[in-house]
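Inspection log for the structure reproduced underneath, given as C-alpha coordinates.
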Amino acid sequence: MPLRENFTKIKVMQPDSYIKFVPGDFAIAMAGQSPQIKWAYWTTIVHYRCHNHCKGLENDEKFLRRLSELENDKDWKTFYSLIFGSYFMLDENGLWQQMRTQLDYIDNKLTMEKWSRRGKAGANVRWRKKK
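Those letters in the sequence shown? Residues 653 to 783, by this note's numbering.
See below:
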(Lines of atoms letter the chains of each structure in order from A; the text may use other names.)
(Lines give C-alpha, C1' and ligand atoms only; values in the text may rest on other atoms or scores of the structure.)
Protein backbone atom coordinates (compact mmCIF):
# COMPACT_ATOMS: atom_id res chain seq x y z
CA MET A 653 0.00 0.00 0.00
CA PRO A 654 1.49 3.39 -0.94
CA LEU A 655 2.33 5.76 1.90
CA ARG A 656 -0.30 8.28 0.81
CA GLU A 657 -3.09 5.70 1.22
CA ASN A 658 -1.87 4.88 4.75
CA PHE A 659 -2.32 8.51 5.82
CA THR A 660 -6.00 8.47 4.92
CA LYS A 661 -6.56 5.57 7.34
CA ILE A 662 -5.03 7.32 10.37
CA LYS A 663 -7.63 8.20 12.99
CA VAL A 664 -7.71 11.89 13.86
CA MET A 665 -6.23 12.47 17.30
CA GLN A 666 -8.73 13.40 19.97
CA PRO A 667 -8.05 15.28 23.23
CA ASP A 668 -8.52 12.07 25.19
CA SER A 669 -6.08 10.07 23.03
CA TYR A 670 -3.21 10.84 25.37
CA ILE A 671 -2.36 12.30 28.76
CA LYS A 672 0.22 14.94 29.54
CA PHE A 673 2.52 13.28 32.06
CA VAL A 674 4.86 15.38 34.22
CA PRO A 675 7.15 12.83 35.90
CA GLY A 676 8.51 15.24 38.53
CA ASP A 677 5.06 16.29 39.71
CA PHE A 678 3.87 12.67 39.81
CA ALA A 679 6.97 11.66 41.80
CA ILE A 680 6.40 14.44 44.32
CA ALA A 681 2.69 13.64 44.67
CA MET A 682 3.37 9.93 45.15
CA ALA A 683 6.61 10.17 47.17
CA GLY A 684 6.91 7.33 49.65
CA GLN A 685 3.89 5.45 48.33
CA SER A 686 3.92 1.81 47.30
CA PRO A 687 3.91 0.85 43.61
CA GLN A 688 0.31 -0.34 44.06
CA ILE A 689 -0.80 3.11 45.24
CA LYS A 690 1.08 4.81 42.38
CA TRP A 691 -0.52 2.46 39.85
CA ALA A 692 -3.96 2.98 41.37
CA TYR A 693 -3.60 6.76 41.05
CA TRP A 694 -2.42 6.45 37.45
CA THR A 695 -5.27 4.12 36.41
CA THR A 696 -7.79 6.44 38.08
CA ILE A 697 -6.46 9.46 36.17
CA VAL A 698 -6.40 7.51 32.88
CA HIS A 699 -10.02 6.46 33.36
CA TYR A 700 -11.05 9.98 34.37
CA ARG A 701 -9.43 11.55 31.31
CA CYS A 702 -9.56 8.97 28.52
CA HIS A 703 -12.80 7.14 29.25
CA ASN A 704 -14.80 9.59 31.34
CA HIS A 705 -13.67 12.69 29.38
CA CYS A 706 -13.22 14.59 32.66
CA LYS A 707 -16.95 14.57 33.43
CA GLY A 708 -16.37 13.34 36.99
CA LEU A 709 -16.13 10.04 38.82
CA GLU A 710 -19.08 8.71 40.77
CA ASN A 711 -18.76 8.97 44.54
CA ASP A 712 -19.23 5.22 44.86
CA GLU A 713 -16.64 3.39 46.95
CA LYS A 714 -17.26 0.05 45.20
CA PHE A 715 -16.76 1.63 41.77
CA LEU A 716 -13.67 3.60 42.82
CA ARG A 717 -12.10 0.57 44.45
CA ARG A 718 -12.65 -1.53 41.32
CA LEU A 719 -11.28 1.31 39.19
CA SER A 720 -8.13 1.59 41.31
CA GLU A 721 -7.55 -2.19 41.12
CA LEU A 722 -6.73 -2.32 44.84
CA GLU A 723 -7.83 -5.53 46.51
CA ASN A 724 -5.89 -5.11 49.76
CA ASP A 725 -7.95 -3.24 52.40
CA LYS A 726 -4.90 -1.42 53.79
CA ASP A 727 -3.84 -0.19 50.32
CA TRP A 728 -7.40 0.89 49.54
CA LYS A 729 -7.72 2.92 52.76
CA THR A 730 -4.33 4.57 52.15
CA PHE A 731 -5.21 5.34 48.54
CA TYR A 732 -8.69 6.66 49.28
CA SER A 733 -7.54 8.97 52.08
CA LEU A 734 -4.59 10.23 50.02
CA ILE A 735 -6.23 10.72 46.62
CA PHE A 736 -9.86 11.60 47.23
CA GLY A 737 -10.11 14.91 49.00
CA SER A 738 -6.51 15.87 48.11
CA TYR A 739 -6.07 15.34 44.36
CA PHE A 740 -9.68 14.68 43.43
CA MET A 741 -12.32 17.00 44.86
CA LEU A 742 -16.07 16.53 45.11
CA ASP A 743 -18.04 18.98 43.00
CA GLU A 744 -21.55 20.30 43.67
CA ASN A 745 -23.01 17.28 41.83
CA GLY A 746 -21.25 14.77 44.06
CA LEU A 747 -18.70 13.77 41.40
CA TRP A 748 -14.94 13.54 41.96
CA GLN A 749 -13.03 16.02 39.76
CA GLN A 750 -9.29 16.37 39.17
CA MET A 751 -8.81 20.01 38.22
CA ARG A 752 -5.33 19.80 36.71
CA THR A 753 -6.33 16.94 34.41
CA GLN A 754 -9.58 18.69 33.55
CA LEU A 755 -7.81 21.96 32.62
CA ASP A 756 -5.27 20.05 30.52
CA TYR A 757 -8.11 18.24 28.73
CA ILE A 758 -9.90 21.52 27.95
CA ASP A 759 -6.65 23.07 26.71
CA ASN A 760 -5.99 20.08 24.43
CA LYS A 761 -9.54 20.18 23.10
CA LEU A 762 -9.26 23.89 22.25
CA THR A 763 -5.83 23.38 20.65
CA MET A 764 -7.10 20.53 18.48
CA GLU A 765 -10.13 22.55 17.41
CA LYS A 766 -7.78 25.40 16.44
CA TRP A 767 -5.57 23.02 14.43
CA SER A 768 -8.65 21.62 12.71
CA ARG A 769 -9.86 25.10 11.70
CA ARG A 770 -6.40 25.97 10.38
CA GLY A 771 -6.20 22.71 8.45
CA LYS A 772 -9.61 23.25 6.87
CA ALA A 773 -8.73 26.85 5.99
CA GLY A 774 -5.49 25.69 4.39
CA ALA A 775 -7.29 22.99 2.40
CA ASN A 776 -9.88 25.53 1.23
CA VAL A 777 -7.13 27.87 0.04
CA ARG A 778 -5.24 25.00 -1.59
CA TRP A 779 -8.29 23.76 -3.45
CA ARG A 780 -9.73 27.28 -3.87
CA LYS A 781 -12.98 26.53 -2.11
CA LYS A 782 -15.09 29.42 -0.91
CA LYS A 783 -16.66 29.59 2.55
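Yeah, the Cβ is synthetic: ideal placement off N, Cα and C, and Gly gets one too.
- For W779, no beta strand (DSSP E) run applies, since DSSP gives it neither H nor E.
- Around the CB of Y693, 16 or more other CB atoms lie within 10 Å, so the residue is classed as buried.
- Shown here, E744 sits in coil according to DSSP, grouped into three states, outside any helix or strand.
- The beta carbon of L742 is closer than 7 angstroms to those of N711 and W748 in its chain, skipping five residues each way along the sequence.
- The beta-bridge partner set that DSSP reports for Q688 is empty.
- Annotation for I697: I671, Q750 and T753 place their beta carbon closer than 8 angstroms to its own, counting only its chain and skipping 5 residues before and after.
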